[in-house]
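Visitor: Handing you a structure now.
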Amino acid sequence: MGGRLRVSRQRITELERNMSSINSSSQQYEKNSKEYAKDIDKLKLELYKSNQTVEELQQQISELNGKLSSKVSDCLAHEQNVEDLQKKLEMAELYTQQLSSQSDKESLKLIDSLQQEREEYIKKVEYYQEAFQTVTNERNQQSEQYQHYIDQLQQQTQSLTNQVTSLTEEREKLYSEQHEAESKMHSLRRQLEEAESQNQCVSISSSDLQSEINKLRADYEELTKRHETQIRDNAQLSRFLEEKENKIMDLETTVGDLKEESSNKAQLLENIQSDKAALSRALTQNKDLKQQLAELQNGFVKMSNDSMELMTKLQSEEHRAHELADRLAQQEDELKDMRELLASRDLKLDEIQKCADNLQRETYQQEQIQDRLRHYEAQAQLVETLQRELSASQDMMNALTTQNSELRNMLVKSRDNKDIYDDSKDEKSDTIIGSLQATICQLEAERNQLIENLNEQRNLSDNLSVKVADVEEQLKMTTNPDENIVSRVEFDKLKKTMEAIQEKYTRAMRDKADLSDKADQLEHLVLQLQGETDTIGEYISLYHHQRALLQQREFQKNDYISRLSKDREELQGKLAKLQGLVMQMLHNKGSLSNARINDTLLSKDYQNSEDSNVNHSNDIQPHLHGATVMNGLSKYPEDWPDYSSTNSSESVVEAIVAGESMEHIADLPEDQVFKSQLEKNADLSPVPLRNTSKSEQLLQKCNIEEDNPTARKILDLFSEIDSNLCDAVPYGGRKFLPCKYCKGIVKDV
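First residue of the sequence shown: 147, per my numbering; consecutive thereafter.
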């Protein structure tokens, strides 16, 4: 028997060791599964970051494409300028041919000036060609960088896929180890069953052996339960791993789709975020419900505040939309006016062409025409200077737009980090608003200058048209029938000069129209910047105002709660003192039985006077007046003990207060006791003892102020409690929200 018991004990110890090893292996499996989950989350984060970088690169590429298109347009404009310069050179050659009849000195001067202009134009052309080459080189470099970055991203995705495959292999190994452990458990169970069957065959008489076997069975049951729980946990982990594998496969497919289609990126990001939310919910299910309720309440308050902010933002945006509509209407009216002006100018051009046809017959006014050509050349130079100024103003506007975008990004970041960097943000926002206002002032000054230049050019064109009309009238006055005959050579020269004049005039008109359009664009951009600065200032002021209101509410709420806690502690201390004093009086007097007799005698008088004192007792606060007594039991048994079974709350206290007279009454017969009690009841008023004035009257009538100090202490405590009730803060003084379902501002009606 002893040998069998030893063998069974050894088997049980071996089984326990196996169970402990299985437990340790299951714990290791759990740790490994958690680590794998963390690795998967990290890989998802890396995928998300890589997608973001790809989007940023695509944005950069789009920006670079826009820059390239702008550069190409600039190059085309430069080519047009080169063509114009070539035409001017041809015109200069014509001038030289026409001026061959003049003096040699003037011709030499003109030739020198034309050569200098030609050299300047050649330098400009070379500069523009170099700029175009640099732009093309930058484009090629950026394209190479983008391709290199795409190759890096592909390598990263391949490495991630390799990691995923390695994780799946490790998971399969863990599954195989788990199956082996389960097989070992089944074998151990069989061995235990065999050991139990052998032990059942052997009849053991000693009670110690039976107790040990029972303990071992209990341990075995506990181990089996633990094993079952671990099996369940492993099953859950396997489910989680399967879900994660499915998600990884989905992510791989989405990565392949991303390479082909860039339009589905937003949906993939939403799916990844939803998967992350589901995983976080599955991992955080064991948190407390109290914390969740508190977070929900705070979130509800924040949502209400956010809704108010969104309403204000919507109103401001509607106001801005109305303003923009008005501005667009004004701009359309201005465009109509400009079109009418252009039509009138076209009519004037037709009239000028007719006058030029008449001027072709007249050869003796070539000198005046040459002077006018020089005048037109001076105007062309003015137009070129204005174009340069416009290009500089456009560069300034581009810089301002970039600053505006940076400011928007700064505002978005500052809204995300409100509670951390409030002070630094205020200073930064003030500096940014100041810089914006300065730039807006500069733009307005430049706009005014451009408008003045346009007005000057318009005046010059009007003066030129007037002068041309005067010349035509003079020609009509001076023409004779004999002078209408013109040679072929002179007619060709006049025709070429008039064509050159027409081309220059049309160029001047186009430049004027371009300048007016650019000035309108600058005005529109300046107005947009002003509106954006106004909205930024409004957002900042709203943020400061709402923050101050929230701080004030929290301060009032904390103050009210601290007052309530102090009052509660004071009342608890005073009630504890009352209980101690009452118990002391009862122990000192030892007259509980006499107090009950006295209560039975006084209960009838008190019931008759209860109806007259209902209004007085309703004025006292319920949490200190004491609960309504029913069958000797109050609603608040902890605040006041029940020493008697009577219906009145005064009987015990009256019995205690009249404790000194009970010793004298105990020696008298029952008839005298009854008469004395009736006399006392006739003198005393049946008002509750919680009113301090009535209690003092009772003491004066009973003459116990000096003889019974404990009763006096009790009455002092009652008076202090009443004074605390008088000083309590009213319910209407609270400014915070009393309910989690309430929202909005608390209004006093």
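Beta carbons are placed, not taken as given, at the ideal position from N, Cα and C, and that holds for glycine.
Could you compute how far the alpha carbon of residue 666 sits from the alpha carbon of residue 481?
Guide: Straight-line Cα distance between these residues: approximately 10 Å.
Visitor: In whole angstroms, what separates the C-alpha of residue 938 from that of residue 318?
Guide: Not covered by the structure: residue 938. The range shown for the chain is 147 to 895.
Visitor: Please confirm if the segment 209–221 is in contact with the segment 273–285, defined as three or more CB-CB distances below 8 Å between the two stretches.
Guide: Yes, since at least three Cβ pairs between the segment 209–221 and the segment 273–285 fall closer than 8 Å, the two stretches touch.
Visitor: Answer yes if the segment 683–694 comes into contact with the segment 455–465, meaning at least three C-beta pairs across the two stretches below 8 Å, and no otherwise.
Guide: Enough Cβ pairs lie closer than 8 Å, so yes.
Visitor: Could you say which of 714, 385, 340 lies nearest to residue 153 if we only look at CA atoms?
Guide: Residue 340 is the option with its Cα nearest to residue 153.
Visitor: Residue 650: buried (16+ other C-beta within 10 angstroms of its C-beta) or exposed?
Guide: That one is buried.
Visitor: Looking at residue 372 and residue 165, is the spacing between their C-beta atoms short of 9 Å?
Guide: Yes; because the gap between Cβ atoms is below 9 Å, this pair is in contact.
Visitor: Would you mind sorting residue 216 into buried or exposed? The rule is 16 or more other CB atoms within 10 Å of its CB.
Guide: When all chains shown are included, residue 216 counts as exposed.
Visitor: On the CB-based measure, 16 or more other CB atoms within 10 Å of its CB, does residue 175 come out buried or exposed?
Guide: Counting Cβ neighbours within 10 Å, residue 175 comes out buried, since at least 16 surround it.
Visitor: Would residue 469 and residue 692 be called neighbours here (beta carbons separated by less than 9 Å)?
Guide: Cβ atoms of residue 469 and residue 692: not closer than 9 Å.
Visitor: Does the count of Cβ pairs from the segment 327–339 and the segment 178–187 closer than 8 Å reach three?
Guide: Counting Cβ pairs under 8 Å, fewer than three are found: no touch.
Visitor: At the level of alpha carbons, what is the spacing between residue 498 and residue 255?
Guide: Cα to Cα, the separation comes out at about 32 Å.
Visitor: Are the segment 155–174 and the segment 283–296 in contact at 8 Å, needing three or more beta carbon pairs?
Guide: Flag = no, the segment 155–174 and the segment 283–296 do not touch.
Visitor: Contact between the segment 191–201 and the segment 288–302 is defined here as three or more beta-carbon pairs at a separation below 8 Å; is this criterion met?
Guide: Enough Cβ pairs lie closer than 8 Å, so yes.
Visitor: Confirm, please, whether the CB-CB distance from residue 150 to residue 337 is below 9 Å.
Guide: Not a contact, by the Cβ cut-off of 9 Å.
Visitor: Residue 189 and residue 309 look like a contact to me (Cβ under 8 Å); what is the Cβ gap, rounded to whole Å?
Guide: About 7 Å; that satisfies the 8 Å criterion.
Visitor: Rounded to the nearest angstrom, what separates residue 155 and residue 311 at their Cα positions?
Guide: Their backbone Cα atoms lie some 46 Å apart in a straight line.
Visitor: By Cβ distance, which residues of its chain are closer than 6 Å to residue 162, with the 5 residues on each side in sequence left out?
Guide: Nothing meets the Cβ criterion.
Visitor: For residue 295 and residue 203, which I take to be in contact (beta-carbon distance under 8 Å), what is that distance rounded to the nearest angstrom?
Guide: The pair is a contact, with the Cβ atoms about 6 Å apart (cut-off 8 Å).
Visitor: Taking Cβ positions, are residue 668 and residue 596 nearer each other than 9 Å?
Guide: Against a cut-off of 9 Å, the Cβ pair of residue 596 and residue 668 comes out as a contact.
Visitor: If residue 306 sits next to residue 182, beta carbons under 8 Å apart, how far is it from one beta carbon to the other, in whole angstroms?
Guide: About 14 Å separates the two Cβ atoms, so there is no contact after all.
Visitor: How about residue 266 and residue 234: are their beta carbons less than 9 Å apart?
Guide: Not closer than 9 Å, so no.
Visitor: If you draw a straight line from the C-alpha of residue 325 to the C-alpha of residue 399, how long is it?
Guide: In a straight line, the C-alpha of residue 325 is about 31 Å away from that of residue 399.
Visitor: Determine the burial state of residue 657: buried for a count of at least 16 other Cβ atoms within 10 Å of its Cβ, exposed for fewer.
Guide: Flag for residue 657 reads buried.
Visitor: Rounded to a whole number of angstroms, what is the C-alpha to C-alpha distance between residue 458 and residue 466?
Guide: Roughly 12 Å between the two C-alpha positions.
Visitor: Mark residue 640 as exposed unless 16 or more other C-beta atoms lie within 10 angstroms of its C-beta, in which case mark it buried.
Guide: Under this definition residue 640 is a buried residue.
Visitor: Give the straight-line distance between the Cα atoms of residue 698 and residue 705, rounded to the nearest whole angstrom.
Guide: The alpha-carbon atoms of residue 698 and residue 705 are separated by roughly 11 Å.
Visitor: With a cut-off of 8 Å on the beta carbons, I'd call residue 114 and residue 859 a contact; round off their distance for me.
Guide: Beyond the ends of the chain as shown, which are 147 and 895, falls residue 114; an answer cannot be given.
Visitor: To the nearest whole angstrom, what separates the beta carbons of residue 237 and residue 646, a pair I think is in contact under 8 Å?
Guide: Correct: roughly 5 Å between the Cβ atoms.
Visitor: Rounded to a whole number of angstroms, what is the C-alpha to C-alpha distance between residue 159 and residue 375?
Guide: Their Cα atoms are separated by approximately 22 Å.
Visitor: Following a CB-centred definition, is residue 717 positioned closer than 8 Å to any heavy atom of the ligand GTP?
Guide: With respect to the ligand GTP, the structure shown offers nothing to examine, as it has no ligands at all.
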